[in-house]
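Student: Those sequence lines, one after another, are chains A and B. 52 is the number of the first residue of the first sequence in my numbering; add one for each residue after it. 52 is the number of the first residue of the second sequence in my numbering; add one for each residue after it. All C-beta atoms, glycine included, are put in the ideal place defined by N, C-alpha and C. Being a predicted model, the structure only gives us computed values, none of them experimental.
There are 2 protein chains.
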Amino acid sequence: MRARDLLTDFPTVTLDTPVLDAARLLADQDLPGLIVVDANGLPLSVLAGTQVLALAVPGYCQDDPALARVVDEAHADTFLSSVAGRTVREALPREARELPITDPGATLLEIAALMARTRSPLVAVVSEHGLEGAITLQTLMDRALTS
Amino acid sequence: MRARDLLTDFPTVTLDTPVLDAARLLADQDLPGLIVVDANGLPLSVLAGTQVLALAVPGYCQDDPALARVVDEAHADTFLSSVAGRTVREALPREARELPITDPGATLLEIAALMARTRSPLVAVVSEHGLEGAITLQTLMDRALTS
């Protein structure tokens, strides 16, 4: 079994997508993450669901739990509204890291190792023709358990 | 809104649960992760779905992509069978890290910051009475988007 046998179509976002729209897409379709593509449709980044959430959480609250605690309940409830104007471009993590991207020939074990290493429940599959689709942790687990 | 308003019952595993059973539980119920509890039902660890997968992927394949690539397709398909005899105890990550565990009084922003910081789509909620339940990224996103 190869990556090409496990593909599903997957919605993408761009650098110009508002963070709020990205969050809504993730929540409405119950996705494990999102693929950020460039103008040619090639993946620039693959964000796990928790990283999409991180786009919307003020940095000072992520770094210091005590600072999140002092925000009162009413403001805490509406934290998403504070990112209303931001796009994915402004919020994308800047650190260099291995991206969960593979080719159509990757085996089940390679995909599993990539997901485990990058802690991403979503892997983008790219061939010489471009983005072919994605493989989710759910799909991978289902296939691994029946193999 | 507080953690206590967002709780859902959530299945747990113990240190003696076979890795294969943990993987099956995750896949069959499409869970974002698993809570590992001790004999008193208190959480010892909270594993994201990709960390449950990591329990089942040989360490050498996670560390070195080239080594995963040389395993032939037939063996790669059945990698899960190689962990048939292992339990969660033997496979649990040993590194000290902040666990995604909070109290019933945590606000939506605190829970979001905790998920973002620990990169866990699952947070366990513990009170003086023990494990109260869990909050998933999906639940949190749904509530944050309607607040």
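1) Who are the neighbours of LEU58/A on chain B, taking C-beta pairs under 9 Å?
2) Interface residues of chain B around ASP128/A at Cβ under 7 Å?
3) Entirely within the stretch 69-132 of chain B and at least 4 residues each: give me those alpha helix (DSSP H) ranges in chain order.
4) Any idea what DSSP makes of THR65/A, helix, strand or coil?
5) Alpha carbon to alpha carbon, what distance is there between TYR111/B and LEU165/A?
6) How would you list, in chain order, the residues of chain A whose beta-carbon sits under 8 Å from the beta-carbon of ASP81/B?
7) Can you find the residues in the same chain that come closer than 6 Å, C-beta to C-beta, to LEU98/A, ignoring five residues on each side of it along the sequence?
8) Based on Cα-Cα distance, which residue from PRO62/A, LEU93/A, VAL108/A and ALA73/A lies nearest to ARG170/B?
9) Classify GLU124/B as buried or exposed, calling it buried when 16 or more other Cβ atoms lie within 10 Å of its own Cβ.
10) When you compare each of THR129/B, ARG148/B, HIS180/B and VAL70/B to LEU160/A by their alpha carbons, which one comes out closest?
11) Spell out whether any CB of chain B is found under 8 Å from the CB atom of ASP193/A.
12) Would ARG53/B pass as a contact of PRO151/B if the rule is Cβ separation under 8 Å?
13) Based on the DSSP secondary-structure assignment, which residues constitute the bridge partners of GLY156/B?
14) In chain D, which residues lie less than 8 Å from THR68/A when you measure between Cβ atoms?
15) Please tell me whether ALA167/B has its Cβ less than 8 Å away from any Cβ of chain A.
16) For ASP95/A, return the contacting residues in chain B, with the cut-off set at a CB-CB distance below 7 Å.
17) With VAL139/A and VAL64/A assumed to form a contact (beta carbons below 8 Å), what rounded beta-carbon distance in angstroms separates them?
18) Of all the CB atoms in chain A, is at least one closer than 8 Å to the CB of THR101/B?
19) Could you spell out where the alpha helix (DSSP H) holding VAL139/B opens and where it closes?
20) In terms of alpha-carbon separation, which member of ALA185/A, THR197/A, ASP193/A and LEU77/A lies closest to PHE61/A?
21) Do LEU182/A and PRO172/A have their C-beta atoms closer together than 8 Å?
22) If you check the beta carbons only, do VAL174/B and PRO94/B fall under 8 Å apart?
23) What does DSSP give as the partner residue(s) for GLY181/B in the beta ladder?
24) Would you mind telling me which residues of chain B sit closer than 7 Å to ARG120/A, beta carbon to beta carbon, in chain order?
25) For ASP114/A, which residues of its own chain have a beta-carbon under 6 Å away from its beta-carbon, when the five flanking residues on both sides are left out?
26) Can you check whether the C-beta of LEU77/B is within less than 8 Å of a C-beta belonging to chain A?
Tutor: Inspection of the coordinates gives the following:
1) Position 7 of the first sequence holds residue 58/A. Residues of chain B passing the Cβ test: none, with the nearest at roughly 16 Å.
2) Translated into positions along the first sequence, residue 128/A becomes position 77. The contacting residues are MET52, LEU159 and SER198.
3) 70-79, 100-107, 110-114, 116-120 and 124-128
4) Taking the first sequence and counting its residues from 1, the one referred to as residue 65/A is at position 14. Coil at THR65/A, not helix or strand.
5) Sequence index remark: in the first sequence, residue 165/A carries index 114 (1-based). Sequence index remark: in the second sequence, residue 111/B carries index 60 (1-based). So the two alpha carbons sit approximately 12 Å from each other.
6) Within the second sequence, residue 81/B is the residue found at index 30, counting from 1. Ordered by position in chain A, the residues that pass the 8 Å Cβ test against ASP81/B are GLN189.
7) As a position in the first sequence, residue 98/A is number 47, starting the count at 1. Within the same chain, LEU98/A has close Cβ partners GLY84 and LEU85.
8) Reading the second sequence from its first residue, position 119 is the one you call residue 170/B. It is VAL108/A whose Cα lies nearest to the Cα of ARG170/B.
9) Numbered from its first residue, the second sequence carries residue 124/B at position 73. Its Cβ having fewer than 16 others within 10 Å, GLU124/B is exposed.
10) Here residue 160/A corresponds to residue number 109 of the first sequence, with the count starting at 1. Nearest C-alpha to LEU160/A: THR129/B.
11) Counted from its first residue, the first sequence places residue 193/A at position 142. With 8 Å as the cut-off, ASP193/A counts as an interface residue toward chain B.
12) One-based indexing of the second sequence puts residue 53/B at position 2. One-based indexing of the second sequence puts residue 151/B at position 100. In this structure, PRO151/B does not lie closer than 8 Å to ARG53/B by Cβ.
13) Position 105 of the second sequence, counted from the first residue, corresponds to residue 156/B. Beta-bridge pairing links GLY156/B to no other residue.
14) In the displayed structure, chain D is absent; the protein chains listed are A and B.
15) On the second sequence, residue 167/B is found 116 positions in, with the first residue counted as 1. Interface residue, yes.
16) Within the first sequence, residue 95/A is the residue found at index 44, counting from 1. A quick correction: the sequence has Leu, not Asp, at residue 95/A. By Cβ distance, chain B contributes nothing, its closest Cβ being about 20 Å from LEU95/A, past 7 Å.
17) Locating residue 139/A in the first sequence gives position 88, where the first residue counts as 1. Locating residue 64/A in the first sequence gives position 13, where the first residue counts as 1. Yes, VAL139/A and VAL64/A are in contact; Cβ-Cβ is about 6 Å, under 8 Å.
18) As a position in the second sequence, residue 101/B is number 50, starting the count at 1. It does; some Cβ of chain A falls within 8 Å.
19) Here residue 139/B is taken as the residue at index 88 of the second sequence, counted from 1. VAL139/B -> alpha helix (DSSP H) spans 139-142.
20) Looking up residue 61/A in the first sequence gives position 10. It is ALA185/A whose Cα lies nearest to the Cα of PHE61/A.
21) Along the first sequence, read from residue 1 onward, the residue named residue 182/A stands at position 131. Along the first sequence, read from residue 1 onward, the residue named residue 172/A stands at position 121. In this structure, PRO172/A does not lie closer than 8 Å to LEU182/A by Cβ.
22) Position 123 of the second sequence holds residue 174/B. Position 43 of the second sequence holds residue 94/B. Result no, Cβ atoms of VAL174/B and PRO94/B do not sit closer than 8 Å.
23) Within the second sequence, numbered from 1, the residue matching residue 181/B stands at position 130. Per DSSP, SER178/B.
24) Stepping through the first sequence from its first residue, residue 120/A is reached at position 69. Result: GLU161.
25) Walking along the first sequence from the start, residue 114/A turns up at place 63. Counting only Cβ-Cβ distances below 6 Å, and skipping sequence neighbours, we find nothing.
26) One-based indexing of the second sequence puts residue 77/B at position 26. By this cut-off, LEU77/B is an interface position.
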